Amino acid sequence: MTDANKVPRRTVLKGVGAAGLAGLAGCTGGGDDTLELLHGWTGGDGKEAADALFSTFEDEHSDVDYDPNPIGGGGNTTLDQTVSNRLQGGDPPSSFAGWPGANLEQYGDAVGDIESEVWDEAGLKDTHVEEAVELCQHNGGFSAVPLGSHRLNDLFYNVEVLESAGVDPESIDSADAFIDALDAVESETDATPFGFSLATWCILQTWAQTMLGEHGYEAYTNFIEGNGDESAVRDTFEKLEQLLGYINNDAASVEFTEVNQDIMGGDAAFVHQGNWAAGAYIADDRDLTYGEDWDAIRYPGTEDYYTLHIDSFIYPSDNPTPDDTATWLQFVGSETAQVAYNQYKGSIPTVTDASTDDFNPYLTETIEDFNNVSEKPPTLAHGLAVDTTTQDDLEEALNQNFADPYDVDGATSGFMDAV
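For what it's worth, UniProt numbering labels the leading residue of the sequence shown as 1, then goes sequentially.
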């Protein structure tokens with residue numbers, strides 16, 4: 001929709017008191033600009049989810065002049081750089097999609113506090129899961145609003161390929177059992193056993209799940225807190241090296257989206273990704289059926305965990321549209337917005353007791369799992385578990401030591417130093 005088709009921008013913030021307006025208005029010298037929303041959902045499931053989110057916002061707030069600005073690039077790399085440049089250059093957007101948790105530390109005072117004007121005014125503390133409430137806090141206040149939650153410890157597979165290989169997915173409960181399954185796929189079918197992209201963040205997230213599956217929640221938590229067991233770290237790299245012996249030949253040159261297409265087309269057996277991979281299956285025009293064409297188990301050994309990842313929108317402190325931004329963030333935290341977005345993205349609402357009527361069976365099961373697992377370890381590869389400096393150091397250790405050839409000792413030393 002073009003600006004000419006929109007009604008004039010509103011002058012009164014609906015649902016926010018005068019005191020809240022004064023607090024937000026103090027952050028900017030104007031406030032007459034268009035509500036600019038940066039995000040990285042430029043294709044596939046992400047685009048469909050973003051379109052649903054923005055169209056629902058437009059339906060509810062037709063008086064807000066807004067500009068959703070998609071920034072493409074794998075793993076949000078280009079989006080993150082754009083946001084960094086804009087914040088450092090004194091030209092912040094109204095809000096941007098990003099990860100909460102430790103990821104917020106990089107912004108310092110460049111992101112502001114919207115506890116009173118958004119969280120308290122909309123009652124979000126009482127309607128969102130505890131983990132999301134905690135992860136959106138920063139500098140003694142709240143700088144983000146959660147949009148949805150991804151589970152990182154899913155292992156997706158093509159049903160027909162596994163049947164052809166004689167593999168029972170429910171028997172895969174350890175790295176060794178996973179290796180046996182990959183070996184069966186390699187010997188009995190023409191499919192790639194383990195679809196993989198050697199993008200650094202993909203290696204990091206798979207290392208983290210292997211660590212969890214082989215050594216448990218306590219060992220993983222100790223590692224991210226800087227008290228890791230070197231022998232557990234080394235063993236995890238040794239297992240991962242074996243697993244990566246079954247990946248596609250072009251793994252160094254493809255993105256995970258291309259690998260995921262191989263799962264949908266029957267050219268690969270397994271792929272490990274967050275449940276945004278399921279969003280691609282849901283959005284695919286081949287009408288793939290959960291349980292018949294594709295399915296998922298938890299990454300081996302993590303059956304009682306939900307590795308937590310959260311999408312959110314973040315509030316820049318020197319905000320060009322403080323009142324409209326507050327309206328947007330209140331909307332992001334609503335059940336209406338979260339149902340509209342997550343049903344297509346392959347993620348689940350962080351709003352408690354959200355209606356599941358519009359969610360497919362896979363996502364409905366994911367919601368049930370979220371409420372029943374014993375632990376929800378934060379994702380290591382997406383900004384929740386460690387700050388950006390530590391994550392950069394971990395990725396550098398992988399780039400130097402574990403992207404073929406695989407130097408287990410070098411990678412282990414690099415990881416121990418990083419945390």
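Backbone N, C-alpha and C fix where the C-beta goes; we use that ideal spot for every residue, glycine too. Keep in mind the model is a prediction, meaning the values are calculated, not measured.
Nearest-angstrom Cα separation, counted from residue j out to residue i
i	j	result
P405	N248	15 Å
G98	D250	29 Å
Q273	Q261	13 Å
T77	P146	20 Å
S355	I367	10 Å
T210	E375	16 Å
D154	Y315	31 Å
A144	S187	49 Å
T350	R151	12 Å
A175	P300	6 Å
G216	A232	10 Å
N139	D229	31 Å
G195	L288	18 Å
S312	A102	13 Å
N372	T364	13 Å
G266	F156	12 Å
Residue from the options whose Cα sits closest to the Cα of residue i
i	options	result
I282	P361, G195, D235, E255	P361
Q242	D267, D59, W207, I263	W207
F402	L155, A110, G101, K239	K239
A49	G228, S231, S164, V339	V339
L104	V83, D65, W201	V83
E255	A199, M211, N227	A199
N319	P70, F54, R86	R86
G226	H61, D417, I179	D417
T34	W328, A177, V259	W328
A184	R234, D190, A165	A165
T352	D67, E58, V133, A252	V133
D190	F331, I263, Q81	I263
D323	C202, D65, L38	D65
Whether residue i touches residue j by CB criterion (8 Å)
i	j	result
F415	L394	yes
D387	Q106	yes
G89	G40	no
L308	S149	yes
S95	T325	yes
E335	V159	no
T236	E214	yes
T192	A280	no
G141	D113	yes
P169	I297	yes
T294	S347	This sequence places Trp at residue 294; Thr is not what is there. Not closer than 8 Å, so no.
A337	T56	yes
Where residue i falls: helix, strand or coil (DSSP)
i	result
G90	coil
H39	strand
P70	strand
G383	coil
G98	strand
P405	coil
S312	strand
F270	strand
A375	In the sequence on display, residue 375 carries Glu and not Ala. Correct three-state label for E375: strand.
T325	helix
Y281	helix
Y290	strand
V351	strand
I297	strand
V64	coil
Residue i: CB within 7 Å of a non-hydrogen atom of the ligand FAD
i	result
L212	Looking for the ligand FAD in the displayed structure turns up nothing, as the structure carries no ligands at all.
Any C-beta of chain B under 8 Å from that of residue i
i	result
D357	Absent from the structure is chain B; it holds one protein chain and no more.
Report the residue ranges of all beta strand (DSSP E) runs contained in full by the stretch 130 to 187; include only those spanning at least 3 residues, in chain order. Segments of the beta strand (DSSP E) lying fully in the stretch 130 to 187: 144 to 151, 154 to 158.
Just list the beta strand (DSSP E) runs in the stretch 179 to 249, keeping only unbroken ones of 3 residues or longer that don't cross its boundaries, in chain order. If you keep only unbroken beta strand (DSSP E) runs of at least 3 residues inside the stretch 179 to 249, you get 192 to 195.
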